[in-house]
Structures are given as structure tokens and as C-alpha cells.
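In UniProt numbering, the protein residues as written are 1 to 324.
C-beta: ideal position from N, C-alpha, C; glycine also.
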Amino acid sequence: MGVQFNDLIPKKEISLKDLKNKTVAIDSMNILYQFLSSIRLRDGSPLRNSKGEITSTYNGIFYKNIYMLENDITPIWVFDGKPPELKHKTREERKKVKEKAMEEYISAKEEGNLEDMQKYAKRINYLEPKVVENSKRLLNLMGIPFINAPSEGEAQCSYMAKKGDVYAVVSQDYDALLYGAPRTVRNITASNKPLELIELDEVLGALNITLDNLIDMAILIGTDYNIGGVKGIGPKKALDIVKNNKMGEYIKNIENYEVIKNIFKHPKVTDEYSLKLGAPNIEELRKFLIDENNFSENRILPSLKKLEKIVNKKKSQTTIESWF
DNA sequence: GTCTCATG
DNA sequence: CATGAGACA
């Protein structure tokens, strides 16, 4: 979900060119959910293969990778590992929302209310473990590297950005800031949404606070580890509290404050990863998309050709060793 | 070239 | 979400 900082966070509008020849770490779960909720048929239901399995996610991964490679951006997909204990409550909460949406969807369907069907279908976005596994398979077939984070994917992305191994974290929410990511990029898409860059230094400078303050603000507003935060406190009041050194008055009423803070300040991350692109396996990729998941051949052929073309271009630019 | 729209 | 087609210019 992400902390609801809203428009308190200053962002810079950039162009795709600014990301040229850069490597970015993708907060995979965040983006995968994005695909799941937005890639839908008219009635609001997700894309599915003939076995009824959801394929919206594969569609998104396939096209977004090609889009980025085409623009000389190297994507590294980072997946979640074992979530911190405190996240369980969040998961239960989300599950409840989805169950309720499912009920609403069913009743809208009974009424034949298409508008409501769309509305509620979009909330039923549960990412099956199998879909996540297949997403990794798809990345392998495309030659795109992915990393299994030990814990939160966002923390791993941020760590890599801090180290300078990647230029920025790609996510739609602002939580990477809390893990100290120097840059977060939003809206890498072919649609005409403005591409946004959020810089940690800019954020702290504009608000005139420290990273520690920002984390405290997040905890006041509410994070994945203390949903809802402190009652009655939003971004504005939170900023006022940390700026006027009044955090101490709230800490005692926040359950697990120290534990939550520690999750952001010292997350579990790994140094074991490779950022190298590999050669795609076009034949197997075809099978995965067309045979296994019923993508229309006519439709993906131009993109497959594009992928091959990009690979050949890269091969001619780099030595064989650095490519493989 | 740029935009909107329907489609998967 | 990305794509292609079609409108418009």
C-alpha cells in the first residue's frame, strides 16, 4: 500500500532520456499488483489463459521490459522474501478488503450492474504464488535479471540504489525513501502520465527534516507495520510533530515503535546478486506466451521481433563475456 | 506527429 | 499495462 504522504513529497518531472543507459531496480510486487489491477477486460476481469489462470501480470512484464530495453534502460526485478512479522496484520486487512470486494462483485454481477462489476473486480487483485513463480520464469526467458530479496523487496532495491549499483528504485509508492533510496522513479510507462523522479535529498531539504524524521512521520501516518498509524494524524500534523521535536510524546502510544523503526533503518538485504542481462530464449518465450498462456501470436510477434533486434544490437555493442 | 479509443 | 488503428492536422 505504501505510506500516504500524499502531495507532501516534492517530485521532479523528468524525461525517459534521463534514464538512458541506467539500471533500475524494480519493486516487483508493487509493479505486479499494478499490472494485475489495471490490465483488464471491459467487464473488469483480468486476462486469463484457457485454464483460467490470470495472465495480466505476464502481459505487463513482457511489454514493460521491452519498453525499457528499447529506451536503453536495464531493469532488475526484485521480489519479496519473507515479510517481517509485523506485516501479517496488513495482509489480513488486505485479505478482508478483497473478500468484501468479491462479495460486492458477485452481487453486482447478479444485478447486472457493469459499472459496479468493474469497480469491484479491480479490487480483487490477489497475486497467486504460482503467478509470481511464472513471472520469474518469464524474466528468465527474456534474459532479464531478477533478485529474490531476503525480506522486503523495496528494502533490497533501496540498498542497491544506495550502493550505486542501480540508479533508482522503480515503484509507485514512496516507501523506498524510508529505506534511504536516493532516487525513486514513478510512472515508467508508455502512456502520457508524467515520469516522476523523487530524490531523497530534495525531499528532506524541502521539508527541512532528517531521514529519521521522515521515518517517524511515516510511522505516525501509518506504514505496512502499523496500519492507520496514530489516529487523527495525517501528513501535515506528522510533519509538524517531527519538526517541533514532539515525537517523544507519541512514541509511547505506538505499538512496536522500535521494531518498526528498525525495519526501515536496518532491513535484511543481500549482496548476492547479478545485474547482467542474458540472452533471451525466443523459442521458449514463444511457447510460454502463446502455447501456455494463449497470447495471440499476431499480437506479440512485433514485440518478439523488437526484443531480438535489441539483443542483437547489444551483442554488437558489448563483448560476448560481458553479455553472458 | 499527437491524440483517443478499443482490445487483450 | 502496451499496442495498433483511426482521427485529425
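- Taking all protein chains in view, the Cβ of aspartate 175 is crowded by 16 or more other Cβ atoms within 10 Å, so the residue is classified as buried.
- Under the three-state reduction of DSSP output, lysine 246 falls in the coil class, being neither helix nor strand.
- Cβ-Cβ distances below 6 Å link arginine 40 to Pro46 in the same chain, with the five nearest sequence neighbours on each side left out; the list follows chain order.
- Taking C-beta atoms as the reference points, tyrosine 120 and alanine 101 count as a pair closer than 8 Å.
- Counting only runs that start and end inside the UniProt domain "XPG-I" (140 to 209), the alpha helix (DSSP H) elements of at least 4 residues fall at 153 to 163, 175 to 178, 200 to 207.
- For glutamate 13, the enclosing beta strand (DSSP E) covers residues 12 to 14.
- Cβ neighbours of proline 267 within its own chain (closer than 7 Å, five residues either side excluded): Ser151, Glu152, Ala155, Tyr179.
- DSSP places arginine 48 in the strand class (E or B) of the three-state scheme.
- Between serine 303 and isoleucine 66, the C-beta spacing is below 8 Å.
- Only residues of its own chain outside the window of five on either side were considered, and among them none has a CB closer than 6 Å to the CB of aspartate 165.
- Bounds of any alpha helix (DSSP H) do not take in isoleucine 9, whose DSSP letter is neither H nor E.
- In this structure, DSSP gives alanine 279 a state outside helix and strand, which the three-state scheme calls coil.
- The continuous stretches of beta strand (DSSP E) do not include isoleucine 254, and DSSP gives it neither H nor E.
- For threonine 74, the uninterrupted beta strand (DSSP E) run begins and ends at 73 to 79, by DSSP.
- Taking 8 Å as the cut-off, the beta carbon of asparagine 226 is found closer than this to the beta carbon of isoleucine 260.
- Beta-bridge analysis with DSSP links arginine 94 to no other residue.
- For the pair alanine 25 and serine 171, the Cα-to-Cα distance works out to about 9 Å.
- Partner residues in the beta bridge of arginine 40, as assigned by DSSP, are Pro46.
- Counting only residues of its own chain and dropping the five nearest sequence neighbours on each side, threonine 90 has a CB closer than 8 Å to the CB of Met1, Asp224, Tyr225, Ile227.
- By the Cβ criterion, the region 134 to 143 is not in contact with the region 245 to 255, since fewer than three pairs of Cβ atoms, one from each stretch, lie closer than 8 Å.
- In the DSSP secondary-structure assignment, isoleucine 54 is bridged to Arg48.
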